[in-house]
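Here the structure comes first, spelled out in structure tokens, and everything after it is commentary.
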Amino acid sequence: MSTDRRPRRGLARRLLATRLADHLTAPHGVDRFLEQLDPLLTVHQVRGVVSEVVHETGAASTVVLAPNDAWTGFRPGQHVQFGVEVDGKRRVRVFSVSSSTARDDGRFSVTVKAHDDGYVSQYLHREMAPGTVVYLSEAEGEFVLPEEVPGGLLLLSGGSGITPVMSMLLSLRDAGHTRPVTFLHYARSADDEIFRGALDEVVATCPWATVRRVYTREPGAGDLQGRFTTAHLDLLGIDPATTPTWACGPAGLIETVRKTYAEAGAEQMLAVEYFKVPKVDLDAADATGTLSLDSAGLDVPNDGRTILEQAEEAGLTPEFGCRMGICHKCTVKKKHGAVRNVLSGEVRADTDEDIRICINKPVGDVCVAL
Amino acid sequence: MLTTLLNIGKGPVPSASDHDERPRPLVSETDPERRATVGLDRLTYEQLDELAVELDAIRQRVLDDLGQEDADYIRRVVKVQSGLEIAGRALMFLPFIPPAWLAGVASLSLSKILDNMEIGHNVMHGQYDWMNDPALNSKQFEWDIVGPAAGWKMTHNYEHHTFTNIHGKDRDIGYGLVRIDEDQPWHPVYLANPVLAFGLMFIFEWGVMLHDLELDKLQSGEETWEQVKARNAGTLRKIRRQVVKDYVLFPALTGPFFLSTLAGNFSANIVRNIWAFNVIFCGHFPADVETFSEESAENESRGQWYLRQVLGSANISGSKVFHILTGNLSHQIEHHLFPDIPSRRYPQIAPEIREICDRYGLTYNTGSLGKQIGSVAKKLFTLGLPPRKDAAATPAAARRDDDLAA
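Those protein sequences? They're chains A and B, same order as listed. Going by the working numbering, the first residue of the first sequence is number 1, and it counts up by one from there. Going by the working numbering, the first residue of the second sequence is number 1001, and it counts up by one from there.
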């Protein structure tokens, strides 16, 4: 399933996106000039303007975005990079798209739960107003439904992990899907459930959808009791071996689901996506977690030294210069996780930010583009 | 199976306080115990430490204050530069209106000057990295000049700013072309000093590009030809893009005015070359700017590093617009003390820096553009001649060491 509802670009916009335009505007590129008129005029960089902010239940906000025509649409389950500028500083986070692919105005939404220590999620929840420009990326991620959607599928989620599977469910509904779908969601309580109203509507209007909600901290409320177990699948009459399943949620839930499918020999039926907030450990016990060297496909246990040293230990030869934070030659993209600057002691936890690996060490799990 | 992290928790507080792209003092690899002697002819170790505390405090105060205003400033400069470039290119279509061509050259020259100096030089120092905007990030920025950003960042940000004015380490002393300091050994070729400098002025962007290739590393055996080639892999592509844009595509777009556009673009590049050359030669080459030996600076303290930056740099006085057009390199002293702080802050802190220099008895070298250029020109002429015998026997650095020992 996919969507590309962009209005067709006119001749001028198409010319601006050509390589000739790129050569004429070298070295900065055509977007650098277009954005001087309006930040949304860029032909390569995806940007959007906030058209609406809806406060959902469970301290979550849905931000509806009107992307510019550099946006090429999304497949339900994918996520986008979401950058906002506050005090001159751009902060980028990654959020799943929560809306249906069927919106005919070309807009999409992300839904974000406000975390106490999440700067951007708090900002979205409290301050973001219609008209704000958001620096986006194209939709990314492989946690998607196939073009040919099979019948008898299970969409399983916990907490805020509901957003990508909600996008799948709503997209299926709007595409006229009629084959059986089970939607199994775990929330702490009914008050904590983000899309309560939208799910009620699906229950009322979609006979093909079986929606089951479990409230783990409200015994007796919900359709099933307690945390996810194999018994829950049995009660719903679901056989992992024959049920294509998409699961998204916190690490604990995903691990249990994985184990269940592994035990049933049905790992190939399961696609998962984690949702988690990494723990930023500000104490001396920095040497925890795993350093993921993304391009090399290596995971090494964090030994507390700088990322450059650990990468070299792992057999990589990253580019470097002064090895003391001056020359920027070793700068790489940190995809996620927290790092501590060994010079200043500052901890940074932004997604997709440039760090100098010679003077930063991981604090817990970190993934870098090396 | 897929594992993607969807949300990240705590981010840093919204300030640039932790921003740190400054060079480190020199460390000796062979003798880690020895203390550096730089500055001892003027100050004691204790005074040098106090100097470092005072300057570090100014630095931290500015960093804590960085925010929206600084972001707005650099974006405003980018907006003006983009506008000037578009105007310059557009005016080339109207060469039949006499002042249009001239106005086009002026616009394009100013655009290139702003791009290279107030934007490019400063962005590539990491002055705006804290904004986390890819368009203003030191790692990604590329400038409107033939030399690619990567080579320049190596020779300038690292070598020049770390080893400022240290003989044998800072390749910017005379740019390997002219004799501008009496501690550079004299050679008959320097008889052509003034001619070489005058010639370099017109082709400055090509000179910078060649300088950044660091071909001398091949000659000295420090690198093999393969290493030199690998290090400069992007240079040819960058040159091609610049040349094709200014001398093929835009002239072709103006059709019958091909030659006039080509001449206009060529002129703009020359104007930028002349301007950049003069500003940059005034930064470290006027009279009384000091140079240092590597030995005297090894294991230097932060205070000694600061002292070396002050004594090794010279400012140019002028109006606000003049400062912007020099990329605030007219505040060379402030820039060398804090190369990673946004340049618009240099004029703001300059009075304080000057007061500190006065208090510690450090020369704060400043003067009008005319005065500083005159001073550089005089040195180019006198240092091109063979040194007098008595001066040649005791180079300045050795003389300073002798003073210390005495």
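Each residue gets a CB set at the ideal place from its N, CA and C atoms; glycine is no exception. Keep in mind that this is a model prediction, so the values were computed, not measured.
Test: Lys-259(A) CB closer than 7 Å to a CB of chain B: Here residue 259(A) corresponds to residue number 259 of the first sequence, with the count starting at 1. For Lys-259(A), the answer is no, since every Cβ of chain B falls outside 7 Å of its Cβ.
**OP:** Hey, could you find the ends of the beta strand (DSSP E) His-79(A) is sitting in?
**Re:** As a working note, residue 79(A) is residue 79 in the first sequence. His-79(A) -> beta strand (DSSP E) spans 79–86.
**Q.** is_contact[Ser-1301(B), chain A] using C-beta, thresh 7 Å
**A.** In the second sequence, counting from the first residue as 1, residue 1301(B) sits at position 301. No, because no Cβ of chain A sits closer than 7 Å to the Cβ of Ser-1301(B).
**OP:** Note down, in chain order, every chain B residue with its Cβ under 8 Å from the Cβ of Arg-383(A).
**Re:** This structure gives no information on residue 383(A), because the portion of chain A shown stretches from 1 to 370.
Test item: CB-CB of Gly-220(A) and Pro-180(A) under 7 Å:
Reading the first sequence from its first residue, position 220 is the one you call residue 220(A). Reading the first sequence from its first residue, position 180 is the one you call residue 180(A). In this structure, Pro-180(A) does not lie closer than 7 Å to Gly-220(A) by Cβ.
* Asked: Which residues does DSSP pair with Arg-340(A) in a beta bridge?
  -> Indexing the first sequence from 1 puts residue 340(A) at position 340. According to DSSP, Arg-340(A) bridges with Val-347(A), Lys-361(A).
Can you tell which of Leu-37(A), Arg-91(A), Leu-172(A), Ser-96(A) has the C-alpha that lies nearest to the C-alpha of Lys-1079(B)? Counting from one through the second sequence, the residue named residue 1079(B) turns up at place 79. Comparing Cα-Cα distances from Lys-1079(B) to each of Leu-37(A), Arg-91(A), Leu-172(A), Ser-96(A), the minimum goes to Leu-37(A).
- Query: Since Asp-354(A) is in the beta strand (DSSP E), which residue starts that stretch and which ends it?
  - Reply: Position 354 of the first sequence, counted from the start, is the residue given in the question as residue 354(A). Start and end: 353–356.
Residues near Ala-1350(B) in its chain [Cβ-Cβ closer than 7 Å; skip 5 each side]: Here residue 1350(B) refers to the residue found at position 350 of the second sequence. Result list for Ala-1350(B): His-1331, Glu-1334, in chain order.
*Report the partner residues of Arg-93(A) according to the DSSP bridge assignment.*
For the purposes of this step, residue 93(A) is identified with residue 93 of the first sequence, where counting begins at 1. Phe-82(A), per the DSSP bridge assignment.
Could you name the residues of the same chain whose beta carbon sits closer than 7 Å to that of Gly-1327(B), not counting the 5 residues immediately before and after it, in chain order?
Residue numbering aside, residue 1327(B) sits at position 327 when the second sequence is read from its first letter. The answer, listed in chain order, is Met-1117, Glu-1118, His-1121, Asn-1122, Ser-1343.
inquiry  = Whole angstroms are fine: how far does the CA of Leu-291(A) sit from the CA of Val-368(A)?
reply    = Along the first sequence, one-based indexing puts residue 368(A) at 368. Along the first sequence, one-based indexing puts residue 291(A) at 291. Distance between the alpha carbons of Val-368(A) and Leu-291(A): 8 Å.
- Using a Cβ cut-off of 7 Å (strictly closer), state whether Ile-1008(B) contacts chain A. Translated into the one-based positions of the second sequence, residue 1008(B) becomes position 8. Because Ile-1008(B) carries a pLDDT of 31, less than 50, the predicted location of this residue cannot be relied on, and the following value inherits that uncertainty. Cβ-Cβ to chain A under 7 Å: yes for Ile-1008(B).
Check: For Asp-1358(B), which residues of its own chain have a beta-carbon under 8 Å away from its beta-carbon, when the five flanking residues on both sides are left out?
Finding: Position 358 of the second sequence, counting from 1, holds the residue named residue 1358(B). The answer, listed in chain order, is Tyr-1364.
Contacts of Ile-1239(B) in chain A (Cβ-Cβ under 7 Å):
For the purposes of this step, residue 1239(B) is taken as the residue at position 239 of the second sequence. Per Cβ cutoff of 7 Å: no residues; Ile-1239(B) is ~12 Å from chain A at best.
| said: Determine, for Asp-1020(B), whether the minimum Cβ-Cβ distance to residues of chain A falls below 7 Å. | reply: Taking the first residue of the second sequence as 1, we reach residue 1020(B) at position 20. Yes, because at least one Cβ of chain A sits closer than 7 Å to the Cβ of Asp-1020(B).
Query raised in the report: If you follow the alpha helix (DSSP H) that Ile-1324(B) is part of, which residue opens it and which one closes it?
Result: Taking the second sequence and counting its residues from 1, one reaches residue 1324(B) at position 324. Here the alpha helix (DSSP H) through Ile-1324(B) covers 1320–1325.
To the nearest whole angstrom, what separates the beta carbons of Leu-1329(B) and Ile-1280(B), a pair I think is in contact under 8 Å? Counted from its first residue, the second sequence places residue 1329(B) at position 329. Counted from its first residue, the second sequence places residue 1280(B) at position 280. Rounded, the Cβ-Cβ distance is 7 Å, consistent with contact.
Span separating the alpha-carbon of Trp-1130(B) from that of Glu-1021(B)
Position 130 of the second sequence, counting from 1, holds the residue named residue 1130(B). Position 21 of the second sequence, counting from 1, holds the residue named residue 1021(B). Taking the straight line from one Cα to the other gives about 10 Å.
| If we count the other Cβ atoms within 10 Å of its Cβ and call it buried at 16 or more, is Asn-302(A) buried or exposed? | Counted from its first residue, the first sequence places residue 302(A) at position 302. Buried.
- Closer than 7 Å, Cβ to any Cβ of chain B: which residues of the segment 13–38 of chain A, in chain order? His-23, Leu-24, Ala-26, Pro-27, Arg-32, Phe-33, Gln-36
* To do: Starting from the beta carbon of Asp-192(A), find every residue of chain B whose beta carbon is closer than 9 Å, and list them in chain order.
  => In the first sequence, the residue the question calls residue 192(A) occupies position 192. Under the 9 Å cutoff, chain B gives no residues; its nearest Cβ is about 16 Å from Asp-192(A).
Reference Gly-1168(B), options Lys-1217(B), Gln-1127(B), Met-1201(B), Ile-1203(B), closest by Cα
Here residue 1168(B) corresponds to residue number 168 of the second sequence, with the count starting at 1. Answer by Cα proximity: Lys-1217(B).
Where Tyr-1128(B) and Gly-197(A) are concerned, what is the direct C-alpha to C-alpha distance, given to the nearest angstrom? For the purposes of this step, residue 1128(B) is identified with residue 128 of the second sequence, where counting begins at 1. For the purposes of this step, residue 197(A) is identified with residue 197 of the first sequence, where counting begins at 1. Their backbone Cα atoms lie some 45 Å apart in a straight line.
Would you say Asp-87(A) faces chain B, with C-beta separation under 7 Å as the test?
-> Position 87 of the first sequence holds residue 87(A). By this cut-off, Asp-87(A) is an interface position.
Do Gly-158(A) and Pro-240(A) have their beta-carbon atoms positioned less than 7 Å apart in this structure?
Along the first sequence, one-based indexing puts residue 240(A) at 240. Along the first sequence, one-based indexing puts residue 158(A) at 158. Contact flag unset, no.
Can you confirm whether Gln-1332(B), when its beta carbon is compared against all beta carbons of chain A, has any partner nearer than 7 Å? In the second sequence, the residue the question calls residue 1332(B) occupies position 332. Not one chain A Cβ lies under 7 Å of Gln-1332(B).
Kindly say whether Asp-354(A), judged by its beta-carbon, lies nearer than 7 Å to any beta-carbon of chain B. Numbered from its first residue, the first sequence carries residue 354(A) at position 354. Closer than 7 Å to some Cβ of chain B, the Cβ of Asp-354(A) qualifies, so yes.
Buried/exposed call for Lys-1229(B), threshold 16 Cβ in 10 Å: Taking the first residue of the second sequence as 1, we reach residue 1229(B) at position 229. By the 10 Å Cβ count, Lys-1229(B) comes out exposed.
TODO: Output the boundary residues of the alpha helix (DSSP H) element that contains Leu-169(A).
DONE: Here residue 169(A) refers to the residue found at position 169 when the first sequence is read from its first residue. Start and end: 162–174.
Looking only at C-alpha atoms, which of Thr-72(A), His-177(A), Thr-111(A), Asp-116(A) sits nearest to Ala-139(A)? Walking along the first sequence from the start, residue 139(A) turns up at place 139. Nearest of Thr-72(A), His-177(A), Thr-111(A), Asp-116(A) to Ala-139(A), Cα basis: Thr-72(A).
Between Thr-331(A) and chain B, is there a C-beta pair that is closer than 7 Å?
-> Within the first sequence, numbered from 1, the residue matching residue 331(A) stands at position 331. Closer than 7 Å to some Cβ of chain B, the Cβ of Thr-331(A) qualifies, so yes.
- Find out if the Cβ-Cβ distance for the pair Glu-164(A), Ser-96(A) is shorter than 7 Å. Reading the first sequence from its first residue, position 164 is the one you call residue 164(A). Reading the first sequence from its first residue, position 96 is the one you call residue 96(A). The displayed chain sequence assigns Pro, not Glu, to residue 164(A). Taking 7 Å as the Cβ cut-off, Pro-164(A) and Ser-96(A) qualify as a contacting pair.
Notebook entry, point to check: CB Ile-355(A) to CB Val-339(A), shorter than 7 Å?
Noted result: In the first sequence, counting from the first residue as 1, residue 355(A) sits at position 355. In the first sequence, counting from the first residue as 1, residue 339(A) sits at position 339. Yes, these two residues count as a Cβ contact at 7 Å.
Counting Cβ pairs, one atom from each stretch, are 3 or more of them under 8 Å apart for the segment 1178–1193 of chain B and the segment 1152–1161 of chain B?
no
- Item | Environment of Pro-130(A) [buried if 16+ CB atoms lie within 10 Å] | By 1-based counting over the first sequence, the position of residue 130(A) is 130. With fewer than 16 Cβ atoms within 10 Å of its Cβ, Pro-130(A) is classed as exposed.
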